[in-house]
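For reference, the structure discussed in these notes is given below.
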Ligand code: BDR
Ligand code: CA
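Residue numbers (UniProt numbering): 3 to 309.
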């Protein structure tokens with residue numbers, strides 16, 4: 003079983019990814035960032051998930067804001083004002099630990115060098131901070147899988163080519179993309195190509211156990227926002243990245259390229275720039291995932307819902 007450390011801002015699709023992780027892997031911790039909504043909410047949502055799972059996964063609160071500039075937007079219109087569907091869950095029982103997420107990342111990778119797959123499902127603030135504290139971090143990480151970017155410029159934020167996680171904290175993404183010599187990149191456009199059929203997904207929700215009931219409830223707001231945007235099917239960006247983290251053989255096609263992050267740009271701050279034609283002669287550090295095995299991906303989600 004892979005050993006996962008998950009950096010996350012739950013988040014409805016984060017929630018699904020966290021359910022998948024607990025069904026298929028050993029989860030060493032949830033490192034929490036601000037992103038979809040503020041840190042107080044994302045920490046609380048993570049604790050709610052740990053309660054639901056009856057797990058003992060530690061929750062490490064991390065950075066409450068990006069490294070440099072304040073974000074221009076959050077994603078409450080997708081995930082709900084509380085970040086997890088505004089269901090009104092009671093105060094969770096499990097607490098958060100008082101170790102900062104960036105320090106937990108450094109400690110855990112020292113305790114288990116070469117064993118941990120780091121799964122980044124949020125703005126990359128915590129991981130960038132950890133890298134600045136200790137640039138040798140990548141040598142101790144087995145794999146890094148990032149949900150972020152929009153590799154041909156079809157983003158999902160107010161800055162058209164920027165994807166949310168990278169667009170929320172471009173400097174952090176830049177630090178991570180420059181600091182890690184190798185990572186898998188699961189971008190927003192891949193998400194759009196790997197939607198689930200809505201009727202099939204609803205069958206899983208009906209057939210599943212308490213995890214499916216839970217997800218069905220938190221998913222309502224995101225489902226409406228998805229419909230409003232005219233998209234067909236069920237999309238869950240973070241679940242794709244989690245699938246790649248749990249089982250790399252789910253990847254059908256990928257290309258190794260250099261990916262940079264635009265930090266300025268009147269229209270393009272937060273865009274991911276892929277050197278498709280290898281013109282920059284920079285190290286091709288990103289394994290850009292271009293296609294997944296949809297059936298395998300679906301089976302992983304289904305099992306995570308107990309269906
Ligand atoms: C990413 O942004 C967030 O809204 C989602 O949780 C996902 O991590 C998609 O762009
Ligand atoms: Ca997320």
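Think of the CB as a built atom: it goes at the ideal place given N, C-alpha and C, for glycine as much as any other residue.
Item                                                                                                                                                                          : Value
Can you tell me where the alpha helix (DSSP H) holding residue 159 begins and where it ends?                                                                                  : Looking at the DSSP string, residue 159 is not in any alpha helix (DSSP H), and its letter there is neither H nor E.
List, from N- to C-terminal side, the beta strand (DSSP E) runs of 3 residues or more that fit wholly inside the segment 216 to 272.                                          : 253 to 259 and 261 to 263
Please find out if some non-hydrogen atom of ligand 1 comes closer than 6 Å to the beta-carbon of residue 123.                                                                : yes
Is residue 153 buried or exposed, if buried means 16 or more other CB atoms sit within 10 Å of its CB?                                                                        : buried
Are residue 119 and residue 144 touching if we call contact CB-CB under 7 Å?                                                                                                  : yes
Under the rule that 16 or more other beta-carbon atoms within 10 Å means buried, what is residue 258, buried or exposed?                                                      : exposed
In the DSSP output, what is residue 293 paired with across the bridge?                                                                                                        : 255
Spatial neighbours of residue 49 within its chain, please: CB distance less than 6 Å, with the 5 preceding and 5 following residues excluded, ordered by chain position.      : 61, 94 and 96
Scan the segment 79 to 142 and note each continuous beta strand (DSSP E) run of 3 residues or more that stays entirely inside, going in chain order.                          : 118 to 122
Tell me, please, whether the segment 160 to 180 touches the segment 68 to 76 by the rule of three or more beta-carbon pairs shorter than 8 Å.                                 : yes
Evaluate residue 208 with the Cβ neighbour count: other Cβ atoms within 10 Å of its Cβ, from every protein chain shown; 16 or more gives buried, anything less gives exposed. : exposed
Is the beta carbon of residue 123 less than 7 Å from the beta carbon of residue 86?                                                                                           : no
Buried or exposed: which applies to residue 198, given that a residue is buried once 16 or more other Cβ atoms fall within 10 Å of its Cβ?                                    : buried
Could you tell me the alpha carbon to alpha carbon distance between residue 161 and residue 169, rounded to whole angstroms?                                                  : 8 Å
Under 8 Å by Cβ, that's how I've got residue 249 and residue 128 pegged, so tell me the actual separation to the nearest angstrom.                                            : Contact doesn't hold; Cβ gap of about 25 Å is too wide.
May I ask whether a heavy atom of ligand 1 can be found less than 6 Å away from the beta carbon of residue 169?                                                               : no
List the residues that DSSP assigns as beta-bridge partners of residue 185.                                                                                                   : 288
Is residue 239 near ligand 1 - that is, is its Cβ less than 6 Å away from at least one heavy atom of it?                                                                      : yes
Whole angstroms is fine: what's the gap from residue 137's alpha carbon to residue 181's?                                                                                     : 7 Å
Do you know offhand how far residue 15's Cα is from residue 282's?                                                                                                            : 34 Å
If you draw a straight line from the alpha carbon of residue 59 to that of residue 82, how long is it in whole angstroms?                                                     : 24 Å
Does any heavy atom of ligand 2 sit closer than 6 Å to the C-beta of residue 272?                                                                                             : no
With a threshold of 7 Å between beta carbons, is residue 221 in contact with chain D?                                                                                         : The structure shown contains no chain D, having only a single protein chain.
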